[in-house]
Amino acid sequence: MIYYHHDPLDGKALSAELIDSLKSEIEALKPKLVVIQVGDNPASASYVRNKQVACERAGVNFVKIHLNDSTTQNELLAQVEQLNQDDSVTGFIVQLPLPSHIEVPLIIRAIDPKKDVDGFHAYNLGKMFLSPDFEDLPPATPLGIVKLLDHYDIQIQGREVVVVGHSNHVGKPISTMLLNRNATVTTCHIYTSDLASHTRRADILIVAVGKPNLITADMVKDGVVVVDVGINRREDGSLCGDVDFENVSKKASYISPVPGGVGPMTVAALMVNTVHAAKRMRQNS
Ligand code: NAD
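Throughout the sequence shown, residue numbering follows the working numbering, covering 91 to 375 in sequence.
In C-alpha cells:
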C-alpha cells in the first residue's frame, strides 16, 4: 500500500478567510439575519450558536427568535410570515431539527425564497438543479463543500464522485451541484447494496450519513479526496465524522477533519448567501 501524505481540507481556516472577505460588502449592505430556534434541542442550539459567532465576526446583524417546544405549527407559520413581510429582515432561517409535531416541508414552503438563505426552498433547489449559472441561494452545506474543493484546486470535471447519503439538504444537492460541474456522480444511500464497491471507485468521496466509522480504509482507493460531512457525538462528548479518519487519512490525498472541515464551511456559505440575498433586496428596493 502507498502511504499518502494527506493534506487536510482546512474548513476552519478557509471559513474565517471567506467571512473576512465579505466584511466590506456587509458594512455597505447591513444585512439582518434572523434565526428561529424552536425548543431546546442541543444540536439546534449549537448550530445557532455557531451562526451567531460567524455573524459577529462578519458584522451581520444577528437576531435569534427562541420559541418554546410547544409552539404550534400555525404559530410558527405566523412567525415565518411576519419575517417574510418585515422589510428590515434580509434573510432568515428556521433551524432544524424541529420538534416532531411540526412538518418541516410545510414550514420551508412558507419561507419567501428571496430570504431563504439556507437554500432549502423548492424554488432555490430548482434553480440549483438547472446549472451553476442559475445557482442563486443554493443549500449552504453543499455550497460550502464546493467552495472547499475549489479552494484546494481539486478538479471536479471528469472525476468519479461518490456521494453517500441522499438527504434533501446535503446528499441530493451536492450530487446535483457536482454533476452540473461535469463530474460522473454516483449517489449511495441506505438501500445501496455493496456500498464498498461504489466507494472504492471514488476519486472524490463525500459522506453525509451520521454513522461513525461507516467508511473504513478498505473502502477507499489510494489518493482519494474525502469530504466528511457527518457530525456524531462520541460517548465522551467529543465529535467525529462518518469516516475512520485515522486509517482512511493514510490513503487519502486530501481529507476534511471533523470538527474543522465542512461544519465551518456551512456557516461561511450561509454568510455568502446572506450577503447575496441582502444585495438583491437592496438593489430591488
Ligand atoms: P439524513 O439523516 O437526512 O440522511 C442520512 C442519509 O444517510 C440518508 O440518505 C440515508 O439513506 C443514508 N444512510 C443511512 N445509513 C446508511 C448506510 N449504512 N449506508 C449508506 N447510506 C446510509 O442526514 P443529513 O441531514 O443529510 O445529515 C447527514 C450527516 O451530516 C449527519 O451526521 C448530520 O449531522 C451531518 N450534517 C453536517 C452538516 C455540516 O455542516 N457539517 C450539515 C448538515 C448535516
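No residue lacks a Cβ here, since even glycine has one placed at the ideal position from N, Cα and C.
The three-state reading of DSSP puts Arg291 in coil, since its state is none of H, G, I, E or B. 9 Å or more divides the Cβ of Leu269 from the Cβ of Gly181.
Gln127 is bridged by DSSP to His156. In terms of side-chain proximity, the C-beta atom of Leu268 is found no nearer than 8 Å to any non-hydrogen atom of the ligand NAD. Under DSSP, Phe224 forms no beta bridge with any residue. Assignment of alpha helix (DSSP H) within the segment 259 to 321, counting only whole runs of 4 or more residues, yields 261 to 269 and 285 to 289 in chain order.
Rounded to whole angstroms, Phe219 and Arg199 show a C-alpha spacing of 17 Å. Val138 has its CB no nearer than 8 Å to any heavy atom of the ligand NAD.
Taking all protein chains shown into account, Arg271 has 16 or more neighbouring C-beta atoms within 10 Å of its C-beta and is therefore buried. Contact between the segment 355 to 367 and the segment 169 to 187 is present: three or more C-beta pairs spanning the two stretches fall below 8 Å. Measuring C-alpha to C-alpha distances from Val357 to each of Ile109, Pro98, Gly327 and Ile116 identifies Ile109 as the nearest. According to the DSSP assignment, Gly181 belongs to the beta strand (DSSP E) that extends over Gly181 to Val184.
The DSSP-derived three-state label of Arg323 is strand. Between Asn337 and Ala307, the C-beta gap is smaller than 9 Å, which places the two residues in contact. With contacts defined by Cβ atoms closer than 9 Å, Pro189 and Val128 form a contacting pair.
If you draw a 10 Å sphere on the C-beta of Asn158, you find fewer than 16 other C-beta atoms in it, and that means exposed. For Val254, the enclosing beta strand (DSSP E) begins and ends at Glu250 to Val254.
Unbroken alpha helix (DSSP H) runs of no fewer than 4 residues, entirely contained in the segment 183 to 219, are found at 194 to 200, following chain order.
In the three-state reduction of the DSSP assignment, Ile246 falls in the coil class. Cβ-Cβ distances below 8 Å link Asp284 to nothing in the same chain once the five nearest sequence neighbours on each side are left out. Sequence-distant partners of Met371 (beyond 5 residues in either direction) whose C-beta falls short of 7 Å from its own C-beta, in its chain, are Thr180 and Lys204. With distances taken between CA atoms, Asn151 lies nearest to Lys120 out of Gln175, Lys120, Gln163 and Asn140. Pro232 sits in a helix when the DSSP states are folded into three classes. Looking at the backbone, the Cα of Asp240 and that of Gly209 are separated by about 20 Å. Between the segment 99 to 107 and the segment 163 to 175 there are fewer than three C-beta pairs closer than 8 Å, too few to call the two in contact. Under DSSP, no beta-bridge partner is assigned to Tyr137. The ligand NAD has no heavy atom closer than 8 Å to the beta-carbon of Ala103. One alpha carbon belongs to Thr274, the other to Ser160, and they sit about 45 Å apart. Taken through DSSP and simplified to helix, strand or coil, Pro354 comes out as helix. Secondary structure note for Asp110: its alpha helix (DSSP H) is the uninterrupted segment Gly101 to Ser111.
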